[in-house]
Every structure is written in structure tokens, then in C-alpha cells.
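With our numbering applied, the sequence shown corresponds to residues 872 to 1157, in that order. Backbone N, C-alpha and C define an ideal beta-carbon position, used for all residues, glycine too. These numbers come from a predicted model, not from an experiment. What follows is a single structure, written as C-alpha cells, with notes after it.
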Amino acid sequence: MSFKVRKLGSALGAEVIGLDLTQTLDEDTIAALLAAWSEHLILLFRDQSLTPARQIAFSRYFGELDDHAAIPKFRHAEHPEILMVNNREAATNKRLSVGRQWHSDLSTTLRPAKGSLLHAIQLPMVGGDTMFCNMYRAWDGLSPLLQEWLSGRDAIHDMTIARETQLQRTHAELEEIRLRNPRVYQPICRIHEATGKKALYVSEMTTSQIDGLTREESQPILEYLYRQSTVHENVYRHVWRKGDSVLWDNRCVMHIALADYDDSERRTMHRTTLKGSPSGRLVQAA
């Protein structure tokens, strides 16, 4: 199959035009998609009609899929490879706030996500946008002295410090999350295994402190790194349409789901998550 690529932003992002994701792709098309993904970090596919099975089949062109065992509460009942990204809890219809801080998917595990594909099924009348930032640029924008100091250092990633998790979960649920997802160290400078390029790898949603520093000492450094990552020139904002499918590279991209819509309306997405390479190490309990 042939397709065209149209840039969406100067920092990252491109739309793939003329490709039907429900069709079987040949090797040349897959290779061209991988090259476009490597260059643009985010790929947008408009007007796609993806059942869970079709989304899973297309996602597998890019690698092995996660079964979301780390976050089983939001798995699809019949397809564990599908994560339900909703603003409503299925069983209770309780309102949910998910992903409303900058983050990279599954950074709190020993196999952080390689990539994610999010498919829009139901959207509010306006809003519900997602913003993405280029973490290659975030790293490159640091001074050489700070880059030198951060290289080789790790930071702790902790699923339970996310703002929405703290607000929406009971004490017992937080304890269960900690048992299932113990804290992990991840490199602050992540080397992309496909491109060899360096990317900053910290996020306000999950990073709690820098190894060797106290939380108080770490906080001003981390806050600076978060600001560095998300300057306007480094960000692409995606305005969703029903049928959009967006693929991004978690190794060099962060994202945030914006609360810029009427929360009484439904926002329903399906996400597949590509398994990354083993990374990091467990934080030993004190």
C-alpha cells in the first residue's frame, strides 16, 4: 500500500494519509511506517473503523503487546491487550480522571512501554484534547553541564504518587497498587534503542525523586526538567475526531490528557500498548 505523510507540528507529529488500518500490510508498507514513526514520533490515522481485534492486529506490526496486568482494573473484558481509557468507570458509572498529568506509559514498570496506539470511539462535543511533547528536544535543550550531571543517574518512578490516583483511590487500593507495582528506578537519560538518540525520561505524574538525593533536594531539579520538557515550542496538541488513531513513541514522547471538556459527556478510547525493552531496577524497601 502507498500512503502520504503530512507534518502536524514542527516539534513532532505527522498524519498518515491513504492507509486503511483494517487491511493486511505488506513488508514495504510496514517498513515505511516504521521509518515515518521514527522520524515524526507520533503518527495520526484519520477515519479508522477499528474493532478491538483489528486494533490489536494493526498494533502488532510495531511489536509485542502488553496485557496490562499492571493495571487490570481498566482492561477490556475479552481483550486484555486493550486498555479502556474512559472518563466513566464501567461498573459504577463513577467519573474518572485519567492521565491528566504529563507522563510516559508504564514508566513505573520494569518494561516501560515502547509505544501506544489510542483509538477514539466516543468524544465530547468539544475538548478532550491530548498534548504530546518531544523528549529528544527536552534533553537537547539542557546545558552541557546539566546533561553531564544527569547522565548515568536514575530517578524513582512510583505509580501511587499520581494526582488522580491519590484523589480517587482508597488507602486499601493504594496498598494493593504498591504491592502490584513496586517503585522502580529508571534512567533519567534514556537511550532510544532504535535511533541511539538521548531523551529526557522523567514525568510529573510518576517521578518522585532522583537517586542519591532526598525528595526535597530532588524537587526543584525535577520541576525544572518538567518545565523544560513542555515549553510551547516542544508540544503538539491533538484535537480528536471520532475514528482517529494516534500512535506515539513512549521512549521519546510524553503526553497529557486535558480536562478541557464537559465531564458529564462521554470520552471513550481504546489503547494498545507496545512492550518495551527491560529497563530500570526495583527500589529496595527501607
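For R1086, same chain residues with a beta-carbon under 7 Å away, outside a window of 5 residues either side, are S1079 and Q1080 in chain order. Here G889 is exposed. Its C-beta has fewer than 16 other C-beta atoms within 10 Å.
Assignment of alpha helix (DSSP H) within the region 906-982, counting only whole runs of 4 or more residues, yields 923-930 in chain order. Of G1147, D1115, R1054 and D938, the smallest CA-CA separation from S920 is found for D1115. Assignment of L994 by DSSP, reduced to helix, strand and coil, places it in the coil class.
Here the C-alpha atom of I927 lies approximately 20 Å from the C-alpha atom of R1122. DSSP, reduced to helix, strand and coil, places T893 outside both helices and strands of the structure shown, so it counts as coil. A direct Cα-Cα distance of roughly 14 Å separates E1046 from I942. Put simply, the backbone Cα of A1033 is about 37 Å away from that of A902. Exclusion of the five residues before and after E935 leaves K1146 as the residues of its chain whose Cβ lies within less than 6 Å of its Cβ. As the crow flies, the alpha-carbon of E1136 is around 15 Å from that of W1111. Ranking R1108, D1025 and K944 by CA distance to the CA of S1074 puts D1025 first.
Under DSSP, W1111 takes part in no beta bridge, so it has no partner.
Here DSSP, grouped into helix, strand and coil, assigns H1063 to coil.
For the pair R1108 and G999, the CB atoms are not nearer than the 8 Å cut-off. For L883, there is no enclosing alpha helix (DSSP H), since its DSSP letter is neither H nor E.
Cβ-Cβ distances below 8 Å link V887 to F874, K875, V876, L904, A907, L914, L915 and F916 in the same chain, with the five nearest sequence neighbours on each side left out; the list follows chain order.
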